[in-house]
Amino acid sequence: MNQITKLTQFAFMFFMTLALSLLSLSISAQTTDTGWLTNPQHPPVQTRFVLTGQQDPQAKTLTGYLDVKLTGDWKTYWRSPGEGGVAPSIDWQNSQNLSKVDWQWPHPQKFELLGIETLGYKGDTLFPMTLHVEDMSRPVTIDAVLTLSSCTTICVLTDYQIQLTFLPSDLTVDEGVMFSYAQAVSNVPQPSPFIDVTQASWDANQSKLQIKLQNSQGWQQPQVLVDGVDEATRDYSFKLEGMHQEGNIVTASYIVDTWLGDVELDGQSLFVTIKDTNLLAEETTQATAEAIVEPLPSTSLTSVFLFALLGGLILNIMPCVLPVLGMKLSSIVAAQGIERRQIRAQFVASSLGILTSFWILANFILVLKLTGNAIGWGVQFQSPWFLGLMVLVTTLFGANMLGLFEVRLSSGTNTWLASKGDNSLVGHYVQGMFATLLATPCSAPFLGTAVAFALGADVVTLFAIFTALALGMALPWIMVAIFPSIALKLPKPGQWMNVVKNVFGVMMLATSVWLLSLMANHLPVFWVIFAGLVAFIVLMIRVKRVHGDKALVLSGSASLILIAGGLLLGSVTADQWATPLPEDLAWQKLSNSAIEDHVNNGRVVFVDVTADWCVTCKANKIGVLWQDPVYSLLQSPNVATLKGDWTHPDGSVTDFLRAHGRYGVPFNIVYGPAARQGIPLPVILTDDVVLSAVKQASGGSIQ
Numbered sequence: 019m020n021q022i023t024k025l026t027q028f029a030f031m032f033f034m035t036l037a038l039s040l041l042s043l044s045i046s047a048q049t050t051d052t053g054w055l056t057n058p059q060h061p062p063v064q065t066r067f068v069l070t071g072q073q074d075p076q077a078k079t080l081t082g083y084l085d086v087k088l089t090g091d092w093k094t095y096w097r098s099p100g101e102g103g104v105a106p107s108i109d110w111q112n113s114q115n116l117s118k119v120d121w122q123w124p125h126p127q128k129f130e131l132l133g134i135e136t137l138g139y140k141g142d143t144l145f146p147m148t149l150h151v152e153d154m155s156r157p158v159t160i161d162a163v164l165t166l167s168s169c170t171t172i173c174v175l176t177d178y179q180i181q182l183t184f185l186p187s188d189l190t191v192d193e194g195v196m197f198s199y200a201q202a203v204s205n206v207p208q209p210s211p212f213i214d215v216t217q218a219s220w221d222a223n224q225s226k227l228q229i230k231l232q233n234s235q236g237w238q239q240p241q242v243l244v245d246g247v248d249e250a251t252r253d254y255s256f257k258l259e260g261m262h263q264e265g266n267i268v269t270a271s272y273i274v275d276t277w278l279g280d281v282e283l284d285g286q287s288l289f290v291t292i293k294d295t296n297l298l299a300e301e302t303t304q305a306t307a308e309a310i311v312e313p314l315p316s317t318s319l320t321s322v323f324l325f326a327l328l329g330g331l332i333l334n335i336m337p338c339v340l341p342v343l344g345m346k347l348s349s350i351v352a353a354q355g356i357e358r359r360q361i362r363a364q365f366v367a368s369s370l371g372i373l374t375s376f377w378i379l380a381n382f383i384l385v386l387k388l389t390g391n392a393i394g395w396g397v398q399f400q401s402p403w404f405l406g407l408m409v410l411v412t413t414l415f416g417a418n419m420l421g422l423f424e425v426r427l428s429s430g431t432n433t434w435l436a437s438k439g440d441n442s443l444v445g446h447y448v449q450g451m452f453a454t455l456l457a458t459p460c461s462a463p464f465l466g467t468a469v470a471f472a473l474g475a476d477v478v479t480l481f482a483i484f485t486a487l488a489l490g491m492a493l494p495w496i497m498v499a500i501f502p503s504i505a506l507k508l509p510k511p512g513q514w515m516n517v518v519k520n521v522f523g524v525m526m527l528a529t530s531v532w533l534l535s536l537m538a539n540h541l542p543v544f545w546v547i548f549a550g551l552v553a554f555i556v557l558m559i560r561v562k563r564v565h566g567d568k569a570l571v572l573s574g575s576a577s578l579i580l581i582a583g584g585l586l587l588g589s590v591t592a593d594q595w596a597t598p599l600p601e602d603l604a605w606q607k608l609s610n611s612a613i614e615d616h617v618n619n620g621r622v623v624f625v626d627v628t629a630d631w632c633v634t635c636k637a638n639k640i641g642v643l644w645q646d647p648v649y650s651l652l653q654s655p656n657v658a659t660l661k662g663d664w665t666h667p668d669g670s671v672t673d674f675l676r677a678h679g680r681y682g683v684p685f686n687i688v689y690g691p692a693a694r695q696g697i698p699l700p701v702i703l704t705d706d707v708v709l710s711a712v713k714q715a716s717g718g719s720i721q
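Take 19 as the starting number for the sequence shown in my numbering and just add one per residue.
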């Protein structure tokens, strides 16, 4: 009996020991947390500290998170609360075997109450943390105090005691807790390879900070927050004053204030936190003291569409497109005597041609963008093959308008076209496409803003803005399609129409000569002149065959008289034009280092990014840069002139344009001791614009 009793006692003790051991293992295998902590005097807030069990023995780190649960409209604050509130904090000093804790902050919400803006969180928020342990083989004791500010219309400051003791080697990973931790980490902004802080200017006179950001992937709807890194700047509030987006560049301006003493940011480190569609990033930068020049007002998407419509409309009267006006005018006059339905069809075809060309350009630019190549308005004119094609096409169109040849289709094709109701729809369609291609060397007012925004935006916005440009350019023909009576009110075709066609035919051939001259940038001059002479001889042969010997003599004589007369007229009337200039400015090659050197030496720097094929660039030079008073000012010893030539593909020039949110030429910008970040100028220059920018960049030393 005693033996049975002993066996029973032994079995009981054995199983109890086993059960306690298993219970001990079970407890040690659980993820360590404090459980929910509450304060009876402030029930809307619950909090707990949780360890995930994840550890790195080599780095001596553990991961965990602080879970804060707020009910109703209660909120707590970000590390930089804004104009009010107190950031949560934890005092770890009584903890043992714990060297430090890294607190990670999810991206906050913005709140506004009575005009006061704050940044923080509502609902359930997890703050990821990394614990740095002194010795992973010894127990860790957490004895800390969380001080949490929570507010609605009133604010309550509450303390919570966080106490945990554990041995790191006993911790195991809990999948559910790790999932919550991973979700929390995904809400924390991290450095991004696509974001670059290109400028952080601090103007103490205005108490203003200006941040300039570049996103190589383009912006959608960016939000930018700024706060201080160090204790000296952590209490500063950065209130957004305005944001300007141009292409892939965003410029944000902030009024900086503090409750304690004066604000000083020169040389201070700053966090720049960015949130955009599919982007959450945080970069660190350093503020530099310099005068701030405000950019143009922020451009909304609606404004950009309006600019695109206006820019496309203005393209119709730019020099690049003028030769096509004769073709368009012929189309309108030719509409006399036909049905309204056919008039509509003709002008709808022209409009579709314009739309098609702009969509082709958008696709072309998209391919270049996706493959990492240079993108820009008119970039196709850097290709000698494209120039050669345009020379051929403009010559053929010009010769056709002069009646030197006609396009003859097969009888079957003519019958098919006639059965469709109008055998010129293809011609109208081609006219629209042709006008668009000729327009690309021109930069009309409003066009630069729209194109820069489009090229820095997503695919949908890119095509939407190019469609708006197309609709703007096609607007006159859309109006005729809607109101065909416009075409019927013009004079009937007659001898005057032949004169108009001849005038515009000559203009088209002049365009061919200009395009051919651009080939000199790619081919030896001899071959360019040779090609021009061959084309001239072929045209003269056609003149003789079509119009006879008399017309040949008249055409040849007229060509010589025009050339000689132009030279003579220029020399006789030179003094009646703006002051003639003996030579171009002494341009230096564009580089960022050259700009920096000149500015450091107290000079103003005028930068001109141009191309030989850019008509607007030439108009700016002839009308403004080569005329007094601008010419004399740019020649002064305190002004340096730098040129970026985009006639050929040039990576450094393309990078310079991209860095300023531009994708086409002309682009002019002025730097100086008082404008180290530069003052961008509008597409169309005037004397007042250039003089004012130079004066501002010099800080008033140049009048």
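The C-beta atom is built at its ideal place from N, Cα and C for all residues, glycine as well.
Out of curiosity, what's the CA-to-CA distance linking residue i and residue j?
i              : j              : result
isoleucine 702 : glutamine 263  : 20 Å
alanine 105    : histidine 678  : 36 Å
cysteine 169   : leucine 278    : 22 Å
proline 75     : proline 62     : 38 Å
leucine 265    : tryptophan 237 : Checking the sequence shown, residue 265 turns out to be glycine, not leucine. Distance between the alpha carbons of glycine 265 and tryptophan 237: 8 Å.
proline 209    : threonine 269  : 19 Å
glycine 784    : glutamine 286  : The question about residue 784 has no answer here: the residues shown for the chain are numbered 19 through 721.
glutamine 798  : arginine 680   : Beyond the ends of the chain as shown, which are 19 and 721, falls residue 798; an answer cannot be given.
glycine 103    : leucine 324    : 42 Å
glutamine 111  : threonine 183  : 15 Å
threonine 159  : tryptophan 121 : 18 Å
alanine 417    : histidine 666  : 30 Å
proline 240    : serine 535     : 44 Å
valine 366     : aspartate 705  : 42 Å
leucine 297    : isoleucine 213 : 10 Å
valine 688     : proline 146    : 46 Å
According to DSSP, is residue i helix, strand or coil?
i              : result
alanine 629    : coil
alanine 307    : strand
alanine 637    : helix
glutamate 130  : strand
leucine 585    : Residue confidence is low: leucine 585 scores 47 on pLDDT, short of 50, so the model does not pin down where it sits. Its coordinate-derived value is still stated next. Looking at leucine 585 - three-state DSSP - the assignment turns out to be helix.
threonine 479  : helix
histidine 446  : helix
arginine 563   : helix
isoleucine 555 : helix
isoleucine 547 : helix
aspartate 253  : coil
histidine 616  : helix
methionine 261 : strand
leucine 541    : coil
lysine 230     : strand
threonine 176  : strand
Mind checking whether residue i and residue j have CB atoms under 8 Å apart?
i                 : j             : result
alanine 642       : valine 648    : One point to set straight first is that residue 642 is valine, not alanine, in the sequence displayed. A contact, by the Cβ cut-off of 8 Å.
proline 207       : histidine 125 : yes
leucine 80        : leucine 185   : no
phenylalanine 289 : aspartate 245 : yes
threonine 65      : leucine 166   : yes
leucine 373       : alanine 299   : no
serine 98         : leucine 131   : no
alanine 250       : alanine 305   : no
glycine 490       : leucine 328   : yes
serine 271        : glycine 100   : no
threonine 659     : leucine 652   : yes
State the CB to CB distance for the pair residue i and residue j, rounded to an integer number of angstroms; the pair is presumed to be in contact (CB under 8 Å).
i          : j             : result
leucine 69 : glycine 53    : Rounded, the Cβ-Cβ distance is 13 Å, inconsistent with contact.
leucine 55 : tyrosine 199  : Not really, about 19 Å apart at Cβ, beyond 8 Å.
lysine 226 : glutamate 135 : So it is not a contact: roughly 17 Å between Cβ atoms.
Label residue i either buried or exposed according to how many other C-beta atoms from any shown protein chain fall within 10 Å of its C-beta, with 16 as the threshold for buried.
i              : result
alanine 692    : buried
lysine 639     : buried
proline 14     : There is no way to answer for residue 14, as the model of the chain reaches only from 19 to 721.
glutamate 152  : exposed
threonine 50   : buried
lysine 607     : exposed
tryptophan 545 : exposed
aspartate 673  : exposed
tryptophan 220 : buried
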